[in-house]
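To start, the structure itself, in structure tokens.
Number of protein chains: 2
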Amino acid sequence: MKRYILPSALVLLAACQTVPPAAPVAPAAPVAAEAAEPPPVQPAPGQQWLYGSAEARIAMVQDWNAIAAFVETRAANRPNASVVLAPGATAEAADFLPCGDKPLAAVFDADETLIWNLGVTAATQRMGKAFDLETWTAWERTGAGKAVAIPGAVDGLARIRAAGVEVIVNTNRSRETAAGNAATLRAAGLGDFVHGSTLFLRGDDGGGSGKDGRRETISQTYCVVALVGDQLGDIADLFNARTLTPPARKAMTANPAFDQMWGNGWFILANPVYGPSIAGSMDEVFPADTYWEPPGPN
Amino acid sequence: MKRYILPSALVLLAACQTVPPAAPVAPAAPVAAEAAEPPPVQPAPGQQWLYGSAEARIAMVQDWNAIAAFVETRAANRPNASVVLAPGATAEAADFLPCGDKPLAAVFDADETLIWNLGVTAATQRMGKAFDLETWTAWERTGAGKAVAIPGAVDGLARIRAAGVEVIVNTNRSRETAAGNAATLRAAGLGDFVHGSTLFLRGDDGGGSGKDGRRETISQTYCVVALVGDQLGDIADLFNARTLTPPARKAMTANPAFDQMWGNGWFILANPVYGPSIAGSMDEVFPADTYWEPPGPN
Numbered sequence: 005m006k007r008y009i010l011p012s013a014l015v016l017l018a019a020c021q022t023v024p025p026a027a028p029v030a031p032a033a034p035v036a037a038e039a040a041e042p043p044p045v046q047p048a049p050g051q052q053w054l055y056g057s058a059e060a061r062i063a064m065v066q067d068w069n070a071i072a073a074f075v076e077t078r079a080a081n082r083p084n085a086s087v088v089l090a091p092g093a094t095a096e097a098a099d100f101l102p103c104g105d106k107p108l109a110a111v112f113d114a115d116e117t118l119i120w121n122l123g124v125t126a127a128t129q130r131m132g133k134a135f136d137l138e139t140w141t142a143w144e145r146t147g148a149g150k151a152v153a154i155p156g157a158v159d160g161l162a163r164i165r166a167a168g169v170e171v172i173v174n175t176n177r178s179r180e181t182a183a184g185n186a187a188t189l190r191a192a193g194l195g196d197f198v199h200g201s202t203l204f205l206r207g208d209d210g211g212g213s214g215k216d217g218r219r220e221t222i223s224q225t226y227c228v229v230a231l232v233g234d235q236l237g238d239i240a241d242l243f244n245a246r247t248l249t250p251p252a253r254k255a256m257t258a259n260p261a262f263d264q265m266w267g268n269g270w271f272i273l274a275n276p277v278y279g280p281s282i283a284g285s286m287d288e289v290f291p292a293d294t295y296w297e298p299p300g301p302n
Numbered sequence: 005m006k007r008y009i010l011p012s013a014l015v016l017l018a019a020c021q022t023v024p025p026a027a028p029v030a031p032a033a034p035v036a037a038e039a040a041e042p043p044p045v046q047p048a049p050g051q052q053w054l055y056g057s058a059e060a061r062i063a064m065v066q067d068w069n070a071i072a073a074f075v076e077t078r079a080a081n082r083p084n085a086s087v088v089l090a091p092g093a094t095a096e097a098a099d100f101l102p103c104g105d106k107p108l109a110a111v112f113d114a115d116e117t118l119i120w121n122l123g124v125t126a127a128t129q130r131m132g133k134a135f136d137l138e139t140w141t142a143w144e145r146t147g148a149g150k151a152v153a154i155p156g157a158v159d160g161l162a163r164i165r166a167a168g169v170e171v172i173v174n175t176n177r178s179r180e181t182a183a184g185n186a187a188t189l190r191a192a193g194l195g196d197f198v199h200g201s202t203l204f205l206r207g208d209d210g211g212g213s214g215k216d217g218r219r220e221t222i223s224q225t226y227c228v229v230a231l232v233g234d235q236l237g238d239i240a241d242l243f244n245a246r247t248l249t250p251p252a253r254k255a256m257t258a259n260p261a262f263d264q265m266w267g268n269g270w271f272i273l274a275n276p277v278y279g280p281s282i283a284g285s286m287d288e289v290f291p292a293d294t295y296w297e298p299p300g301p302n
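For the protein sequence lines, the chains are S and L, in the order given.
Be aware that the first sequence starts at 5, since it is given in this note's numbering, and climbs by one per residue.
Be aware that the second sequence starts at 5, since it is given in this note's numbering, and climbs by one per residue.
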């Protein structure tokens, strides 16, 4: 279909995700001085759903209620094992770290788990980009007050803290912007987080964006009863092996040893806007055995 | 869903979904006869997330476990009131239908609630369209076996039936294609549904795509303990008033009388692919008080 796409369709694209409204779609030919204004920037469909819809608000409230209820149950019935996989664990040998008598904690990703990054997402959309590293870094430093708590998160964290469980953030925001990151969480009403104590950042160890090392550091002090994020890397790094195709990655989460953990200590919140979940070819997203065409006209 | 999307928006969506980011910036100038082949069709980002990602599979499993657990609890502790709003109910007077001694039922939407419509979604994507009514109608007739049960749904329905609760489908698939719709649900492993008894379709009454009338019909026989869908119209038609902007629609779901129902008899599953949740301008999706720009270079 693309080979037939018309300039008018390209103009419409200006309202989509990655194309600035004016530059790339403007025809090379001169236009009249009174040319129509470019169409307004529009949110991407995923942004409309996640940040704009009643349905996504509800999905978040449901999830946060479930997370809080689960942690309350664990606080009332202390487990022997953490929900953090032990080093070297696999689907075939899914060992978890022991808890001993350590105090309980719940560990959360920040972006699109505790907060919705509205300010920077709108700014990047207006720029006609999907992501811009320089803009994102500025956001980590200066975005406090322009990100909002995800619906249900403030009440959920209050319930978790009231149950005597420490709330800890393990995020791939940078150690370099620690002050801005803590300010962003505080301004969203989520509490005061202390770097190295209740706030763990990319750069805190040599693990890069992998979070296993930070989970192990947290586990030296705490028994972790819940891991919550919008991406599998918030649960365990093994899900992010680069060799995994989207179908293989999905199949790995359905392994019985792992599958019984979802909603039962491991929690994933919907984020169709960005991240490793937005991937896959037609063949990977639509399995061959579901191939269908409408019947012909006769 | 269709009535919420303007034709212009459909064109826009089609362009958004089918043209990879690189395409619009390619020069329009003619190229040599041996021009490169058109880029392959790609799934839209929302399709990649929902149908392709591990994260969405997990979100569905979590939701379905929560739905089944909730219904089991209700079956063990019979409620006095249904979760179907009484005629004329509002946020200020959120009355529910009485249950009497009627048998219990859970009521589900079909599309993107019980089944993922993989066959037709891929076919429509290959056509370069967001939606095509003729193709969709053919899908209702002939798609059996090419839609799949949503992860967690087969197990969830088994638990609900084992608890003695009837499973009923209330869908906007057409009465005209009743046989194909029942065959599609059966082929997906979800059970045998009987039109007029456990399967209710658009056209069964004069309510068009509104589902309140069908919910009242079901409630003449059953005490409904759960309503489950991917859109607010699966819960109550009042959420679909055409005068509601996306922010007003969202705010309505947060009214205390309604907010306590989410995850507690009313359940919404994520669907960022289509429907009334995919709407809203920049100002509607990104509230003014979250406006942010990166600081200037100096």
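Beta carbons: idealized from backbone N, C-alpha and C, even for Gly.
Rounded separation between residue i and residue j - CA only
i               : j               : result
L294 of chain S : G149 of chain L : According to the sequence shown, residue 294 of chain S is Thr rather than Leu. Computed Cα separation, rounded: 7 Å.
N275 of chain L : D234 of chain L : 6 Å
L242 of chain L : A98 of chain L  : 11 Å
L108 of chain S : A80 of chain S  : 11 Å
D263 of chain S : G269 of chain S : 11 Å
G92 of chain S  : Q51 of chain L  : 33 Å
R190 of chain L : Q66 of chain L  : 23 Å
I222 of chain L : G279 of chain L : 24 Å
T249 of chain S : A192 of chain L : 25 Å
G156 of chain S : N121 of chain S : 16 Å
E96 of chain L  : A261 of chain L : 7 Å
E76 of chain L  : G184 of chain S : 45 Å
W143 of chain L : P291 of chain S : 17 Å
L194 of chain L : A110 of chain L : 14 Å
E138 of chain L : I71 of chain L  : 34 Å
T244 of chain S : T225 of chain L : Inspection of the sequence shows that residue 244 of chain S is occupied by Asn rather than by Thr. Cα-Cα distance, rounded: 49 Å.
K106 of chain S : C227 of chain S : 5 Å
Simplified DSSP assignment, three categories, for residue i
i               : result
P280 of chain L : coil
W50 of chain L  : The residue asked about is misnamed: residue 50 of chain L is Gly in this sequence, not Trp. Residue state, collapsed to three classes: helix.
F290 of chain L : coil
R206 of chain L : strand
F100 of chain L : strand
A166 of chain L : helix
T175 of chain S : strand
V152 of chain L : strand
A73 of chain S  : helix
G147 of chain S : coil
S223 of chain S : helix
V198 of chain S : coil
G211 of chain L : coil
Cβ of residue i within 9 Å of any chain S Cβ
i               : result
E59 of chain L  : yes
A261 of chain L : no
P25 of chain L  : With a pLDDT of 33 at P25 of chain L, under the threshold of 50, the predicted position of this residue should be treated as unreliable, though the coordinate-derived value follows. P25 of chain L counts as touching chain S.
V232 of chain L : no
Y55 of chain L  : yes
F290 of chain L : yes
I154 of chain L : no
R163 of chain L : no
A126 of chain L : yes
F271 of chain L : yes
Closer than 9 Å to chain L by CB, residue i
i               : result
A245 of chain S : no
K215 of chain S : no
T117 of chain S : no
T146 of chain S : yes
T321 of chain S : Residue 321 of chain S falls outside the range modelled here, since chain S spans only 5 to 302, and no answer is possible.
R177 of chain S : no
N2 of chain S   : This structure cannot settle anything about residue 2 of chain S, because the visible part of chain S is limited to 5 through 302.
P42 of chain S  : no
V45 of chain S  : yes
E180 of chain S : no
From the options, residue whose alpha carbon lies closest to that of residue i
i               : options                        : result
H179 of chain S : S:H199, S:A192, S:A80, S:V171  : Checking the sequence shown, residue 179 of chain S turns out to be Arg, not His. The candidate whose alpha carbon is nearest that of R179 of chain S is S:H199.
G56 of chain S  : L:K254, L:N268, L:N259         : L:K254
W68 of chain S  : L:R165, L:F197, L:W266, L:A261 : L:W266
R165 of chain S : S:T202, S:E138, S:A186         : S:T202
A60 of chain S  : L:G195, L:A283, L:P299         : L:A283
G210 of chain L : L:N176, L:C227, L:I239         : L:N176
A48 of chain S  : L:V232, L:G147, L:E288         : L:E288
The ligand NAP heavy atom lying under 8 Å from the CB of residue i
i               : result
Q235 of chain S : In the structure on display, the ligand NAP does not appear, and there are no ligands present to speak of.
Just by C-beta distance, which residues in the stretch 77-100 of chain S are closer than 9 Å to chain L?
none
Interfacial residues, the stretch 60-75 of chain S to chain L, with Cβ spacing under 8 Å:
A60, R61, I62, A63, V65, Q66, D67, N69, A70
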